[in-house]
Amino acid sequence: MPPIRLLSPRLANQIAAGEVVERPASVVKELVENALDAGANRVDVEVEQGGVKLIRVRDDGSGIEEDDLPLALSRHATSKIASLDDLEAVASLGFRGEALASISSVSRLTLTSRTESQEAASRVEVEGREMDARISPAAHPVGTTVEVRDLFFNTPARRKFLRTEKTEFNHVEECVRRQALSRFDAGFTLRHNQRVVQSLRPAESALDRERRIGALCGQQFIDNAVVIDAEATGLRLWGWVALPTFSRSQADLQYFFVNGRVIRDRLVAHAVRQAYRDVLYNNRHPAFVLYLEVDPATVDVNVHPTKHEVRFRDGRLVHDFIFRTLHKALADVRPDDHFRGAVAQSFGREASAQTQEGVAATGAPVEGGWNGQPSVPNYGYPGGSGAGFGGQPQPQQEWRASDQMAFYQSLNAGGGSEGQQPVSTSDSVATPMPTPPVDSDQEPPLGYAIAQLHGIYILAQGRAGLIVVDMHAAHERITYERMKRALAEQDLKSQPLLVPLSLAVSQKEAALTETHGEELQKLGLQIERIGPETLAVRQVPALLRGADTEQLVRDVLADLIEHGQSDRVEAVTHELLGTMACHGSVRANRQLTIPEMNSLLRDMEATERSGQCNHGRPTWTLVTMSELDKLFLRGR
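Quick note on numbering: the sequence shown equals residues 1 to 636 in the UniProt record's numbering.
Okay, here's the thing in structure tokens:
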């Protein structure tokens with residue numbers, strides 16, 4: 001065996017760089033985090049050739065003293081922690097003191113900095129096998145600039161693993177996006193090959209924050225997002241979660257921050273999946289930008305050199321808090337929240353403003369619509385702002401099934417266009433159709449039913465336009481939620497098995513049944529350990545007596561091992577309730593009366609998660625007046 005020897009500083013740093021510096025985006029991440037830790041209000045990132053040729057990060061932070069510059073490029077040198085107590089409650093993004101040393105060992109690095117107390121700036125470079133630092137004077141404002149050139153020039157094996165310039169820059173752009181989402185109080189600029197790609201000003205107000213979210217995550221996301229802000233037991237969760245209808249085929253729009261640090265955590269991912277389980281379509285992924293604020297002493301960020309992973313002291317508490325908050329936020333979503341996204345996509349923000357100005361200029365009434373937005377101008381359709389079919393104001397009357405016949409009669413009499421009075425074959429004018437009752441302040445979000453299409457869809461009229469409802473999917477969700485509430489109001493009843501089921505498990509799984517006996521009992525499961533690796537299942541939930549008991553118990557034990565808790569029984573129970581609700585809901589070709597249709601619409605407005613059926617399919621959609629006008633070339 002060869003003799004033991006000390007590694008050279010450069011080789012030791014290159015080994016550390018294998019974990020810290022994976023690609024140019026890793027360098028950008030470390031340098032931007034250092035800039036933010038220095039109190040920067042502005043961070044400029046410039047890269048060339050995807051970051052392989054040049055990475056330059058400039059900030060206006062506090063800077064580094066000239067005497068500290070040699071230490072800045074040394075391993076295990078940092079100003080952010082000084083003792084074990086500091087490590088156990090890290091409040092800064094960086095703290096390991098190895099990023100700059102690792103980067104400088106695989107590139108040509110130059111660091112220029114100046115503090116407010118210094119008259120001139122200084123520059124430091126490292127060269128040679130021993131990586132000795134060389135300091136020289138330089139011109140620079142207060143702050144720091146780090147230049148990284150020719151990444152991996154001395155480690156060709158690592159350079160071969162880099163992808164194309166476009167791919168590497170996409171990773172850099174994603175890195176800057178995450179940092180910009182984590183710190184609204186700082187401005188960011190990103191340039192690639194001398195071209196400005198992103199320029200973001202500091203976002204202090206709530207409106208500016210939403211604009212930044214829209215710029216980084218897409219305007220459709222912010223139009224279809226629900227704002228949440230909840231606090232409990234020393235935890236605070238705030239941010240934006242997308243409506244279930246705005247789901248993704250990939251998990252590419254999911255950002256979660258813990259005390260300003262972007263993380264990827266299985267516990268968090270599991271809590272989010274649980275919250276969306278009832279409302280997402282098959283294999284779709286939710287979109288969210290969420291911020292969790294906790295006591296730094298209750299979370300360990302020193303898990304991996306990249307600092308993407310964390311461990312919570314009380315993971316179960318954090319999991320339950322995230323799940324409950326998101327679950328309640330999604331349950332509280334009502335049609336008004338869906339309208340905002342649908343109308344914004346149809347009109348656009350600028351078009352919506354132009355519509356409001358145009359209506360006001362023509363003297364037409366501008367009434368309050370959903371969420372305070374101006375209502376779409378009435379074009380003489382029944383139920384629109386109290387106007388009859390011919391555009392004449394009509395008194396509010398009770399909407400009866402017989403009114404539909406009057407509407408059809410008025411159509412048969414001859415329909416006018418552009419506000420013209422319909423003309424019948426006789427000299428008399430057809431009686432306009434009575435309008436649905438409209439509240440003086442605001443009509444119901446889903447409007448009023450006017451017809452049924454092929455025994456499948458309900459057509460409703462609202463100020464926004466035409467609302468099409470899948471009556472089976474809507475009734476299925478309403479029935480399902482009622483069954484869940486009824487089940488929650490009474491304890492889950494258990495049923496003894498005539499012959500206890502014997503299961504062979506591992507010793508770890510067998511021990512779990514003893515430590516989590518009460519929790520299993522609440523789930524309706526009575527499991528007894530009858531041997532070191534043998535269990536006897538004596539009772540199961542009465543609703544699940546026909547389910548695969550062995551697979552159910554094994555899944556519950558697997559959840560307890562991985563997450564410390566299990567909702568497997570609840571999931572299977574809800575799946576059964578969903579099946580029962582599906583079979584018990586109104587079927588296609590069932591002819592509904594107008595009052596029945598309106599009753600279904602009102603139930604949808606009062607029911608949690610009514611925007612999706614039990615299988616995640618949408619229950620209704622909106623066709624705005626703008627979209628209808630485009631179909632018929634109106635206003636052209």
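Don't be surprised by glycine CBs; every beta carbon is placed ideally from N, CA and C.
Just so it is clear, the structure is predicted and the values come from calculations on it, not from any experiment.
From Leu243, Ile263, Arg324, Phe257, residue whose alpha carbon lies closest to that of Pro335: Sequence index remark: in the sequence shown, residue 335 carries index 335 (1-based). Answer by Cα proximity: Leu243.
Beta-ladder partner(s) of Asp470, from DSSP: In the sequence shown, counting from the first residue as 1, residue 470 sits at position 470. DSSP output for Asp470 lists Tyr457 as bridge partner(s).
Ranges of the alpha helix (DSSP H) found wholly within the UniProt domain "MutL C-terminal dimerisation" (449-592), counting only runs of at least 4: 471-488, 507-515, 517-522, 549-563, 568-584
Asp300 (DSSP reduced to helix, strand or coil): As a position in the sequence shown, residue 300 is number 300, starting the count at 1. Of the three classes helix, strand and coil, the one that applies to Asp300 here is strand, per DSSP.
Start-end ranges of the alpha helix (DSSP H) lying completely within the stretch 7-55, minimum 4 residues: 9-20, 24-37
Distance CB(Ile530)-CB(Thr513) smaller than 7 Å: For the purposes of this step, residue 530 is taken as the residue at position 530 of the sequence shown. For the purposes of this step, residue 513 is taken as the residue at position 513 of the sequence shown. Taking 7 Å as the Cβ cut-off, Ile530 and Thr513 do not qualify as a contacting pair.
Short Cβ contact (7 Å threshold) for Val258 with Leu292: Translated into the one-based positions of the sequence shown, residue 258 becomes position 258. Translated into the one-based positions of the sequence shown, residue 292 becomes position 292. Contact: yes.
Residues bridged to Tyr291 (per DSSP): Numbered from 1 along the sequence shown, position 291 holds the residue referred to as residue 291. Per DSSP, Trp238, Phe257.
Residue closest to Asp470, alpha-carbon to alpha-carbon, out of Ala77, Val90, Ile458, Ala186: Locating residue 470 in the sequence shown gives position 470, counting from the first residue. Checking every option, the nearest Cα to that of Asp470 belongs to Ile458.
Euclidean distance between Cα positions of Arg324 and Glu231: Start at 1 with the first residue of the sequence shown, and residue 324 comes out as number 324. Start at 1 with the first residue of the sequence shown, and residue 231 comes out as number 231. The alpha-carbon atoms of Arg324 and Glu231 are separated by roughly 11 Å.
Stretch-stretch touch, CB-based, cutoff 8 Å, three pairs: the stretch 564-573 with the stretch 529-547: yes
Buried or exposed by the 16-neighbour rule on C-beta atoms within 10 Å, applied to Asn282: Here the question's residue 282 lines up with position 282 in the sequence shown. Classification for Asn282: exposed.
Three CB pairs or more closer than 8 Å across the stretch 27-37 and the stretch 111-128: no
Inter-residue Cα distance where the pair is Gly447 and Arg183: As a first step, residue 447 must be located in the sequence shown, where it is residue number 447. As a first step, residue 183 must be located in the sequence shown, where it is residue number 183. Taking the straight line joining both Cα atoms gives about 41 Å.
Close Cβ partners of His308 (< 8 Å) along its chain, the five nearest in sequence each way excluded: Mapped onto the sequence shown, residue 308 falls at position 308. Closer than 8 Å at the Cβ level, and outside the excluded window around His308, lie Val262, Ile263, Arg264.
Beta-carbon contacts of Asn224 that lie in its chain and below 6 Å, excluding the five residues immediately before and after: Against the sequence shown, residue 224 aligns to sequence position 224. Answer for Asn224: Ala242, Leu243, Phe246, Gly341, listed in chain order.
Pairwise C-alpha distance: Ala329 and Gln490: Translated into the one-based positions of the sequence shown, residue 490 becomes position 490. Translated into the one-based positions of the sequence shown, residue 329 becomes position 329. Answer to the nearest angstrom: the Cα atoms are 24 Å apart.
Start-to-end residues for the beta strand (DSSP E) that takes in Phe188: By 1-based counting over the sequence shown, the position of residue 188 is 188. Judged by DSSP secondary structure, Phe188 falls within the beta strand (DSSP E) whose first and last residues are 187-192.
Beta-carbon contacts of Ile478 that lie in its chain and below 6 Å, excluding the five residues immediately before and after: Numbered from 1 along the sequence shown, position 478 holds the residue referred to as residue 478. So the qualifying residues of the chain are Asp603, Thr607.
Test item: CB-CB of Glu65 and Thr112 under 7 Å: Taking the first residue of the sequence shown as position 1, residue 65 is located at position 65. Taking the first residue of the sequence shown as position 1, residue 112 is located at position 112. No, they are not a contact pair.
Sequence-distant residues of its chain with Cβ nearer than 7 Å to residue 648 (five each side left out): With the chain covering only 1 through 636, there is no way to say anything about residue 648.
Buried or exposed (CB count within 10 angstroms, at least 16 for buried), Leu6: For the purposes of this step, residue 6 is taken as residue 6 along the sequence shown, with counting starting at 1. The residue in question, Leu6, is exposed, as its Cβ has fewer than 16 Cβ neighbours within 10 Å.
Distance between Leu290 and Arg23 (C-alpha atoms, nearest Å): As a working note, residue 23 is residue 23 in the sequence shown. As a working note, residue 290 is residue 290 in the sequence shown. C-alpha separation (whole angstroms): 26 Å.
C-beta contact flag for Val47 and His192 at 7 Å: Within the sequence shown, residue 47 is the residue found at index 47, counting from 1. Within the sequence shown, residue 192 is the residue found at index 192, counting from 1. In contact: Val47 and His192 (Cβ atoms closer than 7 Å).
Residue from Asp337, Thr167, Asp300 whose Cα sits closest to the Cα of Ile222: Residue numbering aside, residue 222 sits at position 222 when the sequence shown is read from its first letter. Of the candidates Asp337, Thr167, Asp300, the one whose C-alpha sits nearest the C-alpha of Ile222 is Asp337.
Nearest-angstrom beta carbon gap, Val569 and Gly524 [assumed within contact, 8 Å]: Reading the sequence shown from its first residue, position 524 is the one you call residue 524. Reading the sequence shown from its first residue, position 569 is the one you call residue 569. Between Gly524 and Val569, the beta carbon gap of about 6 Å places them in contact (Cβ cut-off 8 Å).
C-beta atoms of Arg248 and His285 nearer than 7 Å: Sequence index remark: in the sequence shown, residue 248 carries index 248 (1-based). Sequence index remark: in the sequence shown, residue 285 carries index 285 (1-based). Cβ distance < 7 Å, so Arg248 and His285 count as in contact.
Rounded distance between the beta-carbons of Asn34 and Ala97, thought under 8 Å: The residue you call residue 97 lines up with position 97 of the sequence shown. The residue you call residue 34 lines up with position 34 of the sequence shown. Residue 97 is actually Gly in this sequence, not Ala. That belief does not hold up - the Cβ atoms of Gly97 and Asn34 are roughly 11 Å apart, past 8 Å.
Beta strand (DSSP E) segment containing Gln220, residue limits: Residue 220 sits at position 220 when you count from the first residue of the sequence shown. Note, Gln220: premise wrong, no beta strand (DSSP E); alpha helix (DSSP H) at 219-223.
Contact under 7 Å by Cβ, Val45 with Leu190: Residue 45 sits at position 45 when you count from the first residue of the sequence shown. Residue 190 sits at position 190 when you count from the first residue of the sequence shown. Yes, the Cβ-Cβ distance between Val45 and Leu190 is below 7 Å.
8 Å CB neighbourhood of Asp555 in its chain, flanking five on each side removed: By 1-based counting over the sequence shown, the position of residue 555 is 555. The answer, listed in chain order, is Ser566, Arg568.
Range covered by the alpha helix (DSSP H) that runs through Leu601: Here residue 601 is taken as the residue at index 601 of the sequence shown, counted from 1. Note, Leu601: alpha helix (DSSP H), 594-606.
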